[in-house]
Amino acid sequence: MEGKTILAVLAGGAVLTTLFAFKKKNDFTKVIEQMTIDVRNIRNLRLQGSQLLADIDLGIHNPTKYDMTVYTAGLITLKKIILFYKKVQIGSADSVKGEDTFELPAYSHYLVTNITLTIKYLNVADQFINHGLDGNMNNYTAQIYVNALGKNWVIEQ
Numbered sequence: 001m002e003g004k005t006i007l008a009v010l011a012g013g014a015v016l017t018t019l020f021a022f023k024k025k026n027d028f029t030k031v032i033e034q035m036t037i038d039v040r041n042i043r044n045l046r047l048q049g050s051q052l053l054a055d056i057d058l059g060i061h062n063p064t065k066y067d068m069t070v071y072t073a074g075l076i077t078l079k080k081i082i083l084f085y086k087k088v089q090i091g092s093a094d095s096v097k098g099e100d101t102f103e104l105p106a107y108s109h110y111l112v113t114n115i116t117l118t119i120k121y122l123n124v125a126d127q128f129i130n131h132g133l134d135g136n137m138n139n140y141t142a143q144i145y146v147n148a149l150g151k152n153w154v155i156e157q
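Heads up, the sequence shown is in the working numbering, so the first residue is 1 and it goes up one at a time.
Structural data, given as structure tokens:
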């Protein structure tokens, strides 16, 4: 009888632990789903060999009450960035050197700086010829690919 009681307690504990783990994963999934990004700065447009490059800064915001830290759900790894100007893709970067893995505590912002973006020549030439360079950051949006919670995610502005 005593062995059955111990097994029942252990089984109940395992079920509760599993349910708690699923709830926590769902909570942390909300961070990724509600995370916002904004283009903060575009600068240093330059030619390097056959490529047109620019440096950009992205702000990443966690509007939820959940922490994405090494002590909770783990870190977020930035894999790819795509930059749009008025919904037209103008450039991309495959990874951010040195700052591609970060924590995002509750209600916090994280600034990723000096992302070197490869720019599409034709889109920039068309923009410059027809409208000049646009310094209004509201006209630029980004899409980022991240890895978090053991899964790949796409976050759009």
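Think of the CB as a built atom: it goes at the ideal place given N, C-alpha and C, for glycine as much as any other residue.
Have a look at T116 and A54 and give me their C-alpha separation to the nearest angstrom.
Between T116 and A54, the C-alpha separation is close to 6 Å.
Go to Q48, then tell me how far its beta strand (DSSP E) extends in each direction, as first and last residue.
From DSSP, the beta strand (DSSP E) with Q48 extends over T36 to Q48.
Using a Cβ-Cβ cutoff of less than 6 Å, which residues in the same chain neighbour R43 once the five nearest sequence positions on both sides are dropped?
D55
Cβ neighbour criterion (16 or more within 10 Å) applied to D91
According to the sequence as given, residue 91 is Gly; it is not Asp. Burial call: buried.
Mind checking L47: buried by the 16 CB within 10 Å criterion, or exposed?
exposed
Identify which residue in L83, L52 and V88 has its Cα closest to the Cα of L58.
L83
Using the beta-carbon count (16 or more within 10 Å), is Y140 buried or exposed?
buried
In this structure, does DSSP put N138 in helix, strand or coil?
helix
Closest by C-alpha distance to T77, when choosing among I32, V39, L52 and A142:
I32
From what residue to what residue does the beta strand (DSSP E) around Y85 run?
First-last of the beta strand (DSSP E) with Y85: I76 to Y85.
Please determine, among D94, N136 and I81, the residue with the shortest C-alpha to C-alpha distance to I37.
I81
Between the C-alpha atoms of A142 and Q157, what's the straight-line distance to the nearest angstrom?
6 Å
C-beta contact flag for S108 and N62 at 9 Å:
yes
Nearest to K151 by alpha carbon, out of K79, V39, T118 and I60?
K79
Span of the beta strand (DSSP E) holding N152?
If you look at N152, you'll find it in the beta strand (DSSP E) that goes K151 to E156.
Would you call L167 buried or exposed, if buried means 16 or more other Cβ atoms sit within 10 Å of its Cβ?
Since the first and last residues shown for the chain are 1 and 157, residue 167 lies out of range.
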